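Protein sequence lines correspond, in order, to chains A, B, C and D.
The first sequence runs 1 to 621 under my numbering.
The second sequence runs 1001 to 1798 under my numbering.
The third sequence runs 2001 to 2190 under my numbering.
The fourth sequence runs 3001 to 3119 under my numbering.
Notes to accompany the following structure.
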Amino acid sequence: MTLSDPKVYLSLLVFLPAVAALVLAILPRLADESYKWISLAVTIFVFVLTLGFFRSGGAVDFEAGVAQMQNLFNVDWIPSFGIQYFMALDGISFPLVVLTAFLSVLAMGASWPINKHVKGYCILFLLLETGMLGVFMALDFFLFYVFWEVMLLPMYFLIGVWGGPRREYAAIKFFLYTLVGSVLMLIAILMLYFNSDLTRLDAQQLAEAGIIKVAESANAENKFTDDAKAESALADWLKSDSPLAKRYAEITKEADPTQRKQLHTFNILALQQMGQHTDLFDGDALWGKSVQWWAFLLLFIGFVIKVPSVPLHTWLPDAHVEAPTPISMILAGILLKMGGYGIIRICYPICPDAGYDMAYFVCFIGVFSMVYGAFAALAQKDFKRLVAYSSVSHMGYVVLGMGVWSAVADTGFNPDYWKMGANGAMFQMIAHGISSAGMFFMVGVVYDRVHHRDLDKFGGLFAKMPVYSGLAVGIFFAGLGLPGLCGFIGEVFVVLSVWKYSYALAVISAAVVILTAGYILWAIQRVYLGAEYKGPHGEALTPITMRELSIGVPLLVLAIVFGVYPKALLDYMQPSVDMQIDRLAAWTEINHPGGSNKLGNENGQVADAWRQKINALQSSP
Amino acid sequence: MDPASTLPILLMAAWLVPLASFVLIVLFGKYMGPHGKGAGYLSVLAIITSAIFSLIAMFGVWLPNHELPTSGHGDHNGAVSSATEESHAPTEHAAEHHETEHEYPNYSGDWYSLGEFGDLKITIGYYIDALTVAMFCMVSVIASCVHIYALGYMHDELHEPYIDHEVTLSSGEHLHRKGRFYRFFQYLSLFCFSMFGIVIAGNVAMVFVFWELVGICSYFLIGFYIERHSASAAANKAFLVTRVGDFGMLIGMMALWASVGTFAFGDMKNEQGEVTEKGLFSLLRPEEHHHHLAPPPGMIAEEERMFAGDPDGESVPAAVEEEHNTAGQWLLLIAGVGIFCGCVGKSAQFPLHVWLPDAMEGPTPVSALVHSATMVAAGVYLVGRFYPCFSPEALLVIAYVGCITLFIAATIAITATDIKRVLAYSTVSQLGYMMLSLGLGGWVAGMFHLITHAFFKGLLFLCSGSVIHAVHTNDMTYMGGLRKKMPITAYTMLIGCLAIIGAGFPLSVYGLSGYYSKDAIIEQAWSFASVNPQHAILKWAPVGGAFITAFYMFRLWYLTFAGKPRDEHRYDHAHESPRVMTGPLLVLAFFAIGIGWPIFHVNDLLEQGRPVGTLASTQGELLTNLTIPSEHDSHVPIIKQPAGIAAFSTALAGLLLASIIYLWRLLNPDELKESFKPLWGFLSNKWFFDELYDYVFVKPTLVVSHCAAWFDRNIIDSILHTAAAICRACSAVVDALFDQTVVDGTVNTFASGTWSLGLWLRRIQTGNLRQYVMFIVIGTVALFVTISIVQAYYIPTN
Amino acid sequence: MESIYWPSFFFFLFSGLACAFAVAVLLSSNIVRMAFYLVLSLGATAGLMFLAGAEFVGAMQLLIYVGGTLVLLIFGVMLTSQERFVVMKTWAGDWVKAFLAGGALLFILAYAAFSIPEWRGIERAEADAVEAQPSVTPIAMGLLGARTDDPDGSGYLLPFEIVSVHLLVVLIGAAYLARAKRSRSSLEKL
Amino acid sequence: MLSIPFANLLTEPVGVAHYVTVGAILFICGALCMATKRNALGVLMGIELVLNGANLNFVAFGSRYLRDDANSLGLDGQLMALFVIVLAAAEAAVALAIALNFYNNHDSIDVDRADQLRG
């Protein structure tokens, strides 16, 4: 039970805010400031804990360049349903966890102007942080769902109690939308659960799923010894007294496979293995579509509500407009990422066949969101609404980047472009987490002063608040996708990868850069430039305070760092994303060798030609 | 010194010094001396350091290590002779004379990578050849001059408070604000950094990165007077219009990326000098193909894939005859035109030229540096850099765009009265010349004109700035006769005007810098037209353009400096600018005169930088009757002599016409204006481009955006609200029909039953201890009785 | 005719005494007499316990109940009597109800007790053969957790401890509850 | 002879049933005592009687002299009885304290006046 045990470390990381919330709840009445300080200290501590992963060589660390799950542990939770307390980090979740902890600190810092029911606010805020961290770390579907719901309720109250004038409407809208999503998700989870069967996985796959532990192999090349090791690990595991192992042994005792019972599981990694290596999810479910087709659709809708993509996005502008500034930061910075995270962690790897069928649909949703969000942003009069629609537009890149399934027969199963898209999407998630949180904060700073957000009633802020305006313009440019700032990398990676998949979508997605520049520059012009301030409370436009500065500056600095040296992030992220894409590409090669993608021809001749030519090119001096 | 190791370091130093200056000024600019005056000096110091590094790179490393082409192309006569020897007729097929290819030294490498995905790699790297070094020198020298000049020009910003006479507040007063001296230099430094970044960039992606960065610098600098609405609007317009071009550039990049899989220009070599990764140039112009343009297999496959889903597509490969292999050509065209779109935006070519005149809202040094000499030339530079990848059809597009641009911009410049706008349109027009030249195969001519133009246009703008500084207006109708008040400005500007119209002794080697480059362009156009008679318009447009150029440039000069003052008040207050401003004028005037002279070997240097394989004449694959001639073919006397004479005579005619109208006043310009009123209106409204775009693009976009927002609020949300209302109605119905009767009835009955039971039981709860004991006893008895009954009757005994 | 089995004789003697005094407690209305009868009834019960072979329990019964609890009770009587040995009459109806219910319960219990053959007693010879065993040591060991009589049976160390602590708490609580009268005035203040 | 049911009462050993009957009588006396006495101390004495009756049952069921089946409680019965005695003592102490408090508050120990719990 030391911190060097990942079990303890990760649990501490996740549950510390919740425990702190509990402590706050039972603490006797304190001054409002003290609640804020305590919460801030807790969030900072959690952030420091996440930073602890960076020290290399420790027992609990996160190594860059490793694709597999790290710091993995699983403990039986509800063994009768195979539910485990199962967490780990990999390159997909780790940056999001760090981002969550980081933004929580900043958002707590941004919570200082909140003076209403501070105790309740802090408690809910901390609970929210637990939920968010848990979602990113959980690898058990049930656990994932629990955290997903845990995060939902505090958010509802945070919007509904501390929000603006239409807060009840916004909160209920947010709640209903998300609830619909999670109900669909739950249905899909149960579908997958009842179709899953652990006994169908071989030892190697079980090891991949984190169920059995294989000792580190000295030479990873040797597939044979790896297999043997996995087998022996499986045997060891069966001998152990874990309930799962016992049930596994009991079921596999039945020699006749048709009589065999199924060993259901909620293990996401195991479900991924089943989705990719077995036909468990291929059975008919409804209207001639397979189980995984429906599961994918339901999960995708559930996640896409969170992303959000058009047409399921209308909760976002309302929620953002009504939510208090720090909650907007969290909402845009982290909550939206859960959708993208779900798509890349759950939708595609578990239901590859459905993903392959619906790739165009997914991409189209992404592109449509990009365009639609940008157009809608252009029309907004409310500053915060504009930023909210920009989120819709920017998150479209994420959906698009994840969906560009270009590793098909027609391209010789070349996964590189898809990798680029997926990495770009992941990068965009982090970048958008930074830039949109920053943008919302910047709106909040000025809203705190003049209490309105009407774009036509601003102007001349540069003269009155020069430092603030400089920061704001920097962060808005990060959102615009200016090179050297974080937004650029994700967008350009995604956009460049699309052509390989569909040139029509590529052209449309490239066109969004114009619209994005349009609405952001226009907003900057209306708010920061100009000779004089045109709205009420002009006298309240005082220069930025140290507190606000210390929230804005880290965001801008990060935006610059990631924009200039994206490898700082990609080094951690890319191996995992690449591994996932490689697996899906390999899956495509096995399951769709002829290529049925409507973009290509049926017999794969082009692919052969492609390969021959590439080979010829490479062999020539 | 080994150029392969020293050049990147030197140029990187030159590149990064302005960045350091920028960072320092951002962080500490406010504290640098009174009103941030030190920031200006820091910035100047930085750019001069860059200039020194660049010059060291040029004269200390490049020239000693790379023998300039000795065949004497730099010398006009020599060029003629050698060209005649080697290329017998302009129509000769290109494949036969690849022996004329010269050494093409270049160095490329990566500093670090932004992302690697399998074989795909996006990096920050460098690609250094003669063009890079030349551009570095040109940019850093001009930037140094402009920086120094700006120290004087922006002096007003050091005052506290600065009074902006163009902004009137709602209270009726002029705006008083703090000076922003340091802010200006901060942006200038950032701009220099970005511009160097474009020049040194080793791949298209990096070009794009810095492309955007110069765009944003331009945005900041145009909008420097943030309080002026016109300035911020112009800044937005500039950025957005260039973004439209970038959209095309992105498409081009995507097409390349998906098909070739690399952005790098040059080949990456390892320590032993072996090629590890091929760059775009060697992929598209493979060595075994004699450096002729040949789409790589990836591109052919990608094109097939693209059109596979489109059986009716016009480009099904089988439909074309055998000897012209069009495979991959369409994609190549898309890529080329796409990249060129970016250049169209940045270099303000038709149809995206509308932003540049508005960009003159920025301070004049900005106009000189950013919007004439360097940034807008970046588009031309990119076309030059990317030259090996343009197919002949793409080049034709470039040529036509350039041709249209040079003509439209020149015509608009005739009617403009704002001194800076005249220069801006002249810039657009000159950029059109360069594009035309590049599109017609005149690579060296185009790049040469880029460099000479940078000097003389920088000079012209600085002169105009000096004038504006003196009379506090841009409008030429308030000027006149200023040459007596400010002689240095007047005569350096005259030099600039002469340079831009290409003044020189025809058929000789003596002239101002513009003479060499402009004549080369016109020669190339004539050479092109001689092999492609169907494109004869490309032959006459530049000649006509030369006429108009001469006319409006001298109109400008006469209106400003000659004649009588038209505004006595302004004239009386006018004065020559301080030395910090006139010094740079003199330096630039020197370059404007002499940079084209053969002794400076600029032409030779560029000849050395000519991309490999682009000298040979090329046949179009899609347009089979299109031939891009070899540039050396333009030096044959049969083309050179008539072209030179035509250029000279049209320019002279333009000059004369301007003199007749504005100097000697033989024709009254107002009467002319009246008699050509429709034409004049058309031109002074800039061909109604702004209005057209407003109606065709801006308004519909806003309408669509409002539709989207409306759709959100009224359709999607309505659906939601309706759904919610239906749910509520349903639940109300259910509530009324079922809940309130059945469920509530049950519950209520239960509740009231419980209630009355409770009331009844309440009476038992007397609180009397003894009674409770009785209950216990009775309860026990009852229990026993019950159990025994149950046992007796219901539990079977065995 | 067999000889009198003396233990039975004593059983009836003591049981008669115990029941009689218990009824006396019930019927008496004087609190002091009630206490006296209770002492006698409890003492007789202790005799029954001796007869059943539970010497230690019987002794404890005498010590704790008769010696301790009753003293406590009598103290209570003395402390709470406002007049001299006040009589509080019970309603007649209460008596009737009480006797009805009590009689019914008694009938049921006695009937149940005698309806099980094994409970009616063992043969005399068997009873004679039973060796008397001292029960103090096994009880002490049982309370300490080590059963000597029944190896499979569980000890009572934990209940013993709990009871000890409970006793302590109760005594403290009782002392607290029974404090001087000022609680009333302080209640009024509140 | 002596065919009357109780003829051998004195010659044969008594059984559990006898003890149980005595215990029942004590129990019922105690219970009725609680039910009829208005004096709180009387109620308390009733409780003691009830406990005593129960105790007697414990002892009886644990006794080796009284029944021959193997289900004898054995020593457990005695131990239980002991615990009951101890708890009864504790209960008496608390009850007395309550009674005293009650007396302090009401100047009476008539349980009929303790009816605050009336529903």
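Glycine included, every Cβ here is placed at the ideal spot set by N, Cα and C.
On a predicted model such as this, the values are computed, not experimentally measured, just so you know.
Below 8 Å between beta carbons: does that hold for A:C363 and A:L584? Translated into positions along the first sequence, residue 363 of chain A becomes position 363. Translated into positions along the first sequence, residue 584 of chain A becomes position 584. Their beta carbons are not under 8 Å apart, which means A:C363 does not touch A:L584 by this criterion.
* Taking C-beta pairs closer than 7 Å, name the residues in chain D that C:R2124 reaches, listed in chain order. => Locating residue 2124 of chain C in the third sequence gives position 124, counting from the first residue. Result: E3012 and P3013.
Quiz item: In three-state terms, what does DSSP make of B:I1226?
Solution: Residue numbering aside, residue 1226 of chain B sits at position 226 when the second sequence is read from its first letter. In this structure, B:I1226 counts as coil in the three-state DSSP scheme.
- [ ] Answer yes or no: does any C-beta atom of chain B fall closer than 8 Å to that of D:Y3103?
- [x] Locating residue 3103 of chain D in the fourth sequence gives position 103, counting from the first residue. Chain B, which has no Cβ nearer than 8 Å to the Cβ of D:Y3103, makes this no.
query: Does DSSP put A:D571 in a helix, a strand or coil?
result: Here residue 571 of chain A refers to the residue found at position 571 when the first sequence is read from its first residue. If DSSP states are grouped into helix, strand and coil, A:D571 belongs with the helices.
**Study point:** Coarse secondary structure for B:W1111, derived from DSSP in three states
**Key:** Locating residue 1111 of chain B in the second sequence gives position 111, where the first residue counts as 1. Correct three-state label for B:W1111: strand.
Worksheet item: Does the distance from the C-beta atom of A:L24 to that of A:L49 stay below 8 Å?
Response: Position 24 of the first sequence, counted from the start, is the residue given in the question as residue 24 of chain A. Position 49 of the first sequence, counted from the start, is the residue given in the question as residue 49 of chain A. Not closer than 8 Å, so no.
- Message: Against chain C, which members of the stretch 3024 to 3037 of chain D pass a CB distance test of less than 9 Å?
- Response: A3024, I3025, L3026, F3027, I3028, C3029, G3030, A3031, L3032, C3033, A3035, T3036 and K3037
Exercise. Whose C-beta lies closer than 8 Å to the C-beta of C:L2143 among residues of the same chain, with five residues either side of it excluded?
Worked result: As a first step, residue 2143 of chain C must be located in the third sequence, where it is residue number 143. Correct list, in chain order: G2155, Y2156, L2157 and F2160.
Range of the contiguous beta strand (DSSP E) that encloses B:Y1126: Here residue 1126 of chain B refers to the residue found at position 126 when the second sequence is read from its first residue. Where B:Y1126 is concerned, the enclosing beta strand (DSSP E) stretches over L1120 to I1128.
Between B:L1114 and A:I489, is the Cβ-Cβ spacing less than 8 Å? Position 114 of the second sequence, counted from the start, is the residue given in the question as residue 1114 of chain B. Position 489 of the first sequence, counted from the start, is the residue given in the question as residue 489 of chain A. Contact: yes.
**Asked** Name the chain B residues that come within less than 8 Å of D:V3111, Cβ to Cβ?
**Response** Here residue 3111 of chain D refers to the residue found at position 111 of the fourth sequence. Here the neighbours are N1768, L1769 and R1770.
**Report entry** Contact list for A:V513 against chain B, beta-carbon separation under 8 Å
**Finding:** By 1-based counting over the first sequence, the position of residue 513 of chain A is 513. What A:V513 touches in chain B: R1243, D1246, F1247 and L1250.
Note to self: Starting from D:N3055, trace the alpha helix (DSSP H) in both directions and tell me its first and last residue.
What the structure shows: For this step, residue 3055 of chain D is matched to residue 55 along the fourth sequence. Start and end: A3040 to G3062.
| request: Report the residue ranges of all alpha helix (DSSP H) runs contained in full by the stretch 1196 to 1266 of chain B; include only those spanning at least 4 residues, in chain order. | output: 1204 to 1222 and 1229 to 1259
Worksheet item: If you check the beta carbons only, do B:K1677 and B:E1523 fall under 8 Å apart?
Response: Indexing the second sequence from 1 puts residue 1677 of chain B at position 677. Indexing the second sequence from 1 puts residue 1523 of chain B at position 523. No, the pair does not count as a contact, with Cβ atoms beyond the cut-off.
* Three-state secondary structure assigned by DSSP to A:T265 -> Residue 265 of chain A sits at position 265 when you count from the first residue of the first sequence. In this structure, A:T265 counts as coil in the three-state DSSP scheme.
Based on Cα-Cα distance, which residue from B:L1538, B:F1591, B:P1584 and B:L1615 lies nearest to B:C1403? For the purposes of this step, residue 1403 of chain B is taken as the residue at position 403 of the second sequence. Looking at the Cα atoms, B:L1538 is the closest of the given residues.
* To do: Report the three-state DSSP secondary structure of D:Y3065 (helix, strand or coil).
  => For the purposes of this step, residue 3065 of chain D is identified with residue 65 of the fourth sequence, where counting begins at 1. Here D:Y3065 sits in coil by DSSP.
For C:A2098, go through chain B and note every residue whose CB falls closer than 9 Å to its CB, in chain order.
-> Your numbering for residue 2098 of chain C matches position 98 in the third sequence. Ordered by position in chain B, the residues that pass the 9 Å Cβ test against C:A2098 are R1770, V1773, M1774 and V1777.
### Query
Relative to the C-alpha of B:Y1187, which residue among B:K1178, B:W1062, B:G1152 and B:C1217 is closest?
Mapped onto the second sequence, residue 1187 of chain B falls at position 187. The residue with the shortest Cα to Cα distance from B:Y1187 is B:C1217.
### Message
Distance cutoff 8 Å, beta carbons only. Does C:F2085 sit that close to anything in chain D?
### Response
What you label residue 2085 of chain C is simply residue 85 of the third sequence in a count that begins at 1. With a pLDDT of 48 at C:F2085, under the threshold of 50, the modelled position of that residue is not reliable, and no figure is offered here.
B:V1781 versus chain E: which residues are under 7 Å apart at the beta carbon?
The chain labelled as chain E is not found among the protein chains of the depicted structure, namely A, B, C and D.
Quiz item: Which residues in chain C sit within 8 Å of D:L3073, going by Cβ to Cβ distance?
Solution: Here residue 3073 of chain D is taken as the residue at index 73 of the fourth sequence, counted from 1. Within 8 Å Cβ-Cβ: nothing; D:L3073 doesn't reach chain C, min ~10 Å.
Cβ-based burial, B:V1733 [other Cβ within 10 Å; buried from 16]: Along the second sequence, one-based indexing puts residue 1733 of chain B at 733. Looking at its Cβ environment, which holds fewer than 16 other Cβ atoms inside 10 Å, B:V1733 is exposed.
Worksheet entry | Best match in B:K1484, B:V1636 and B:Y1515 for proximity to B:F1648 [C-alpha to C-alpha] | Translated into positions along the second sequence, residue 1648 of chain B becomes position 648. The shortest Cα separation from B:F1648 among B:K1484, B:V1636 and B:Y1515 belongs to B:Y1515.
* To do: In the DSSP assignment, find the beta strand (DSSP E) that holds A:I78 and state where it starts and stops.
  => As a working mapping, residue 78 of chain A is identified with position 78 in the first sequence. Residues Q70 to I78.
Just to confirm, is the Cβ distance from A:R547 to A:W77 under 8 Å? On the first sequence, position 547 is the one that residue 547 of chain A refers to. On the first sequence, position 77 is the one that residue 77 of chain A refers to. Cβ distance not < 8 Å, so A:R547 and A:W77 don't count as in contact.
Check: Would you say the beta carbon of C:Y2065 comes nearer than 7 Å to a heavy atom of the ligand ATP?
Finding: Judged by which ligands are present, the structure shown has none, so any question about the ligand ATP falls away.
**Report entry** Residues near A:P165 by beta carbon distance below 8 Å, same chain, minus five either side
**Finding:** Here residue 165 of chain A refers to the residue found at position 165 of the first sequence. Hits under 8 Å: E322.
**Prompt:** Does DSSP put A:Q84 in a helix, a strand or coil?
**Reply:** Your numbering for residue 84 of chain A matches position 84 in the first sequence. Reduced to three states, the DSSP call for A:Q84 is strand.
- Distance between beta carbons of A:G552 and A:F441, contact taken as under 8 Å: Here the question's residue 441 of chain A lines up with position 441 in the first sequence. Here the question's residue 552 of chain A lines up with position 552 in the first sequence. Going by Cβ atoms, the distance from A:F441 to A:G552 rounds to 6 Å, so yes, they are a contact pair.
Please state whether DSSP places B:Q1349 in a helix, a strand or coil. Locating residue 1349 of chain B in the second sequence gives position 349, counting from the first residue. If DSSP states are grouped into helix, strand and coil, B:Q1349 belongs with coil.
Notebook entry, point to check: Per the contact definition of three or more C-beta pairs closer than 8 Å, is the stretch 1203 to 1212 of chain B in contact with the stretch 1249 to 1268 of chain B?
Noted result: yes
- Item | Proximal residues to B:K1799 (C-beta, below 7 Å), its chain only, five neighbours per side dropped | Here chain B comprises residues numbered 1001 to 1798, so residue 1799 of chain B is not present and cannot be evaluated.
Whole angstroms is fine: what's the gap from B:N1236's alpha carbon to A:I514's? The residue given as residue 1236 of chain B occupies position 236 in the second sequence. The residue given as residue 514 of chain A occupies position 514 in the first sequence. Rounded to the nearest angstrom, the two C-alpha atoms are 11 Å apart.
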